[in-house]
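I have placed the structure first, in the form of structure tokens, so that the comments after it can refer back to it.
2 protein chains.
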Amino acid sequence: MSKGVIELHAAVLAAASAVGKKEGAGPLGKCFDLCDDTDRFGAKSWEGAESEMQRMAFNTALSKARLRDTDLGALFAGDLLNQCVGSAYGLLAFDIPYFGLYGACSTCAEGLMLASAFVTHGIFDRTAAVTSSHYCAAERQYRTPIEYGGQRAPTAQWTVTGSGAFIVGNAEKRSKKATIRRAMPGIVRERGINDANNMGAAMAPAAEDTLVRFFHATQTRPSDYDLIVTGDLGFEGGSILCDLMRADGYPLGNRYTDCGQLIYRRYEQDVHGGGSGCGCSAVVLASYLLPKFESGELSRMLFLSTGAMMSPDSIKQGQNIPAVAHLLEITSGNLL
Amino acid sequence: MSKGVIELHAAVLAAASAVGKKEGAGPLGKCFDLCDDTDRFGAKSWEGAESEMQRMAFNTALSKARLRDTDLGALFAGDLLNQCVGSAYGLLAFDIPYFGLYGACSTCAEGLMLASAFVTHGIFDRTAAVTSSHYCAAERQYRTPIEYGGQRAPTAQWTVTGSGAFIVGNAEKRSKKATIRRAMPGIVRERGINDANNMGAAMAPAAEDTLVRFFHATQTRPSDYDLIVTGDLGFEGGSILCDLMRADGYPLGNRYTDCGQLIYRRYEQDVHGGGSGCGCSAVVLASYLLPKFESGELSRMLFLSTGAMMSPDSIKQGQNIPAVAHLLEITSGNLL
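Heads up: the sequence lines are chains A and B, in that order. With my numbering as the guide, the letters of the first sequence map in order to residues 65 to 400. With my numbering as the guide, the letters of the second sequence map in order to residues 65 to 400.
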């Protein structure tokens with residue numbers, strides 16, 4: 065509550081992920097719940113595939129938690145598609161009050177923050193957060209027309225085809241389930257970057273801003289956490305963030321990583337700047353990071369999803385890229 | 065809390081609106097705080113004008129409440145533009161944690177619901193909700209290419225150029241300020257309408273669904289309220305809603321109206337189906353409805369913002385239009 069920190073107490077009851085071929089072939093491939101090697105998920109369009117991926121991920125999370133849709137009080141969801149149609153169509157089949165979000169690639173942490181706040185304060189017993197991105201739908205929307213043989217910039221990132229779904233509820237006693245304990249919502253920051261092929265650089269100052277405000281407000285330091293992980297700064301943005309944090313007196317050191325660096329094999333999979341997209345941090349959190357709390361490998365983590373809030377039009381109009389980073393402190397359930 | 069109803073207690077400390085020429089010339093023209101007869105708000109692009117309109121409306125609300133941006137804990141904002149750039153750029157100047165929303169034209173009620181929940185549960189002392197739409201930016205995005213001399217359909221609605229901003233906080237004792245007391249978040253519904261020129265028809269079933277669930281859960285009836293007002297069903301959707309509610313056993317009668325019906329002179333201003341857009345319900349609530357609580361003209365109202373969640377792509381792909389309606393119960397502050 066003080067200085068922008070939100071105190072929370074919400075257990076992640078279940079999490080699930082659905083991904084495409086490239087993600088399935090990456091270093092975390094075996095972690096994900098569902099993988100469709102056609103990237104189509106049985107749909108006729110890429111936008112339809114993204115919706116279907118959300119529906120599958122959320123259905124899987126529901127069945128892991130042994131819940132039905134009507135057991136949930138609210139659903140917080142969003143994606144990168146214009147008018148967030150990935151979520152609106154993907155989750156239409158479920159009979160749950162729906163809060164649509166747009167936080168670009170910060171949607172995973174934004175949704176989990178709101179879902180956790182609703183549970184912490186007893187507004188509803190259980191809520192969910194769902195998000196997604198699809199490489200082909202994003203290319204069509206953000207980068208059409210794509211020139212034949214055009215070289216991708218070294219700092220350009222690869223949109224993850226993936227959807228992550230999370231169900232949160234009251235923390236049970238002595239549960240090992242990861243618990244969301246504090247959050248720091250991000251402030252939109254813009255530091256002069258207008259290159260849509262270098263979104264990591266645009267987003268790094270937003271992540272720095274949120275981290276510094278959080279460390280200051282909570283009187284903690286990077287060394288108090290097992291892991292500090294950002295959503296999709298990728299290789300370029302991640303390295304900028306480390307420089308910025310060192311200059312601020314909070315060196316992150318080797319406890320820092322980024323979901324966009326983890327999800328692909330950088331050179332073998334030809335991904336240049338690393339992974340990005342709402343689905344990037346969502347599937348890595350759901351299927352790689354959260355299980356480490358149950359296994360005891362992690363007990364205290366800072367997780368930030370980072371979003372670049374520009375549109376293709378705002379870029380063409382010469383505007384700089386504003387960005388936002390939402391932070392969650394996640395701890396092992398048996399801590400405290 | 066029970067059956068989907070959220071109990072709230074948040075006073076609207078200040079509300080402000082900025083509108084364009086057509087809105088200023090309409091029947092509510094004198095109510096609005098700011099009106100730019102050029103629709104440009106000093107910006108070079110229509111998208112920039114929408115951002116600037118948000119900045120002005122929010123600044124006006126802050127100054128009415130005698131607050132600075134840093135006095136607010138969170139800002140809930142969204143608009144119709146791709147990637148919600150109206151809000152991201154418009155509110156960039158303010159040093160406030162930012163939750164981006166996408167609820168199409170339901171954003172006003174969605175934002176106020178979340179802002180009120182954060183205040184009610186003491187997460188922050190004061191929060192804000194801001195939204196906007198701009199006729200020219202919306203035409204460019206949704207309806208380009210516009211054929212020369214093309215006839216608009218009789219059910220087509222006119223996107224309101226306007227932005228509404230609201231600051232909510234703890235209710236003071238014996239204050240006359242309007243207070244948000246209960247809310248019912250909407251479930252996304254789709255009933256087979258795929259005509260983007262008849263969004264009122266697509267949204268009416270969502271409004272019906274939320275209203276019926278609310279009346280049922282709270283054991284109230286339409287006659288318990290002075291006014292029941294929807295966001296932008298317009299003339300077609302409003303009349304469909306009245307038919308649906310009558311069939312459900314909850315006739316709305318003459319206490320029902322719609323912001324999209326109120327904001328323009330239907331025939332003189334050539335608006336066909338009425339007003340629409342995120343800004344429609346926001347400016348009518350901010351500058352026409354809320355002041356009626358302070359004057360004592362209204363003491364208990366149901367306010368619903370209604371959103372059609374399709375995109376131009378989903379329409380071209382032949383998909384039906386899903387819709388959502390979020391409800392707020394607003395009462396006079398000295399009630400209870």
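Beta carbons are placed, not taken as given, at the ideal position from N, Cα and C, and that holds for glycine. Note that the coordinates shown come from a computational prediction; the quantities given were computed from them, not determined experimentally.
Listed by chain order, chain B residues near residue i by CB distance under 8 Å
i: residue 198 of chain A; result: None at all; the shortest Cβ gap to chain B is about 13 Å.
i: residue 168 of chain A; result: 147, 164
i: residue 209 of chain A; result: Near residue 209 of chain A there are no residues of chain B at all, since even the closest Cβ is about 16 Å away, more than 8 Å.
i: residue 178 of chain A; result: 163, 178
i: residue 135 of chain A; result: Correct list: empty, because the minimum Cβ distance to chain B is about 12 Å.
Proximity of residue i and residue j at Cβ, strictly below 8 Å
i: residue 125 of chain A; j: residue 235 of chain A; result: no
i: residue 92 of chain B; j: residue 341 of chain B; result: no
i: residue 250 of chain A; j: residue 270 of chain A; result: yes
i: residue 388 of chain B; j: residue 166 of chain A; result: no
i: residue 301 of chain B; j: residue 267 of chain B; result: yes
i: residue 195 of chain A; j: residue 103 of chain A; result: no
i: residue 76 of chain B; j: residue 252 of chain B; result: no
i: residue 111 of chain B; j: residue 179 of chain B; result: no
i: residue 153 of chain A; j: residue 386 of chain B; result: yes
i: residue 170 of chain A; j: residue 121 of chain A; result: no
i: residue 316 of chain A; j: residue 306 of chain A; result: yes
i: residue 286 of chain B; j: residue 255 of chain B; result: no
i: residue 339 of chain B; j: residue 221 of chain B; result: yes
i: residue 293 of chain B; j: residue 274 of chain B; result: no
Closest by C-alpha distance to residue i, when choosing among the options
i: residue 260 of chain A; options: A:161, A:216, A:166, A:225; result: A:216
i: residue 87 of chain A; options: A:277, A:197, A:148, A:231; result: A:197
i: residue 345 of chain A; options: A:67, A:83, A:374; result: A:83
i: residue 323 of chain B; options: B:336, B:193, B:299, B:99; result: B:299
i: residue 79 of chain B; options: B:90, B:386, B:68, B:96; result: B:96
i: residue 327 of chain B; options: B:337, B:313, B:305; result: B:337
i: residue 303 of chain B; options: B:325, B:148, B:288, B:123; result: B:325
i: residue 114 of chain B; options: B:227, B:286, B:133, B:292; result: B:227
i: residue 192 of chain A; options: A:335, A:150, A:168, A:177; result: A:177
i: residue 218 of chain A; options: A:263, A:256, A:204; result: A:263
Residues near residue i by beta carbon distance below 6 Å, same chain, minus five either side
i: residue 173 of chain B; result: 369, 390, 392
i: residue 184 of chain B; result: 72, 73, 74
i: residue 101 of chain A; result: 85
i: residue 107 of chain B; result: 113, 116
i: residue 168 of chain A; result: 371, 372, 373
i: residue 199 of chain B; result: 223, 225
i: residue 333 of chain A; result: none
i: residue 159 of chain A; result: 133, 134
Contact set between residue i and chain A, taken where Cβ atoms lie within less than 8 Å
i: residue 374 of chain B; result: 147, 149, 152
i: residue 174 of chain B; result: 163, 164
Spatial neighbours of residue i in its chain, beta-carbon cut-off 7 Å, leaving aside the 5 residues before and after
i: residue 381 of chain B; result: none
i: residue 395 of chain A; result: 243, 245, 363, 364
i: residue 329 of chain B; result: 90, 91
i: residue 118 of chain A; result: 150, 151, 154, 155, 194, 196, 227
Those residues which DSSP pairs with residue i across a bridge
i: residue 143 of chain A; result: A:196
i: residue 165 of chain A; result: B:165
i: residue 348 of chain A; result: Answer is none; residue 348 of chain A lacks a bridge partner.
i: residue 334 of chain A; result: Per DSSP, none; premise fails for residue 334 of chain A.
i: residue 366 of chain B; result: B:292, B:393
i: residue 320 of chain B; result: B:292
i: residue 99 of chain B; result: B:83
i: residue 246 of chain B; result: B:71, B:393
i: residue 223 of chain B; result: B:340
Same chain, Cβ closer than 8 Å to residue i, five either side skipped, listed in chain order
i: residue 240 of chain B; result: 357, 358, 360, 396, 397, 398
i: residue 312 of chain B; result: 272, 276
i: residue 383 of chain A; result: 258, 374
i: residue 65 of chain B; result: In this prediction, residue 65 of chain B scores a pLDDT of 43, lower than 50, which makes its location untrustworthy; the coordinate-derived value is nonetheless stated afterwards. Within the same chain, residue 65 of chain B has close Cβ partners 71.
i: residue 188 of chain B; result: 136, 137, 138, 182
i: residue 208 of chain A; result: none
i: residue 69 of chain B; result: 246, 247, 248, 278, 281, 282
i: residue 67 of chain A; result: 277, 280, 281
Partners in chain A for residue i, counting only beta-carbon separations shorter than 7 Å
i: residue 227 of chain B; result: Residues of chain A passing the Cβ test: none, with the nearest at roughly 17 Å.
i: residue 181 of chain B; result: 187
i: residue 215 of chain B; result: Per Cβ cutoff of 7 Å: no residues; residue 215 of chain B is ~25 Å from chain A at best.
7 Å Cβ cut-off: residues of chain B touching residue i
i: residue 156 of chain A; result: 252, 254, 386
i: residue 138 of chain A; result: 249
i: residue 161 of chain A; result: 68, 249, 250, 251
i: residue 116 of chain A; result: None at all; the shortest Cβ gap to chain B is about 13 Å.
i: residue 383 of chain A; result: 153
Beta-carbon neighbours of residue i, restricted to chain B and to distances below 9 Å
i: residue 275 of chain A; result: Per Cβ cutoff of 9 Å: no residues; residue 275 of chain A is ~14 Å from chain B at best.
i: residue 203 of chain A; result: Correct list: empty, because the minimum Cβ distance to chain B is about 14 Å.
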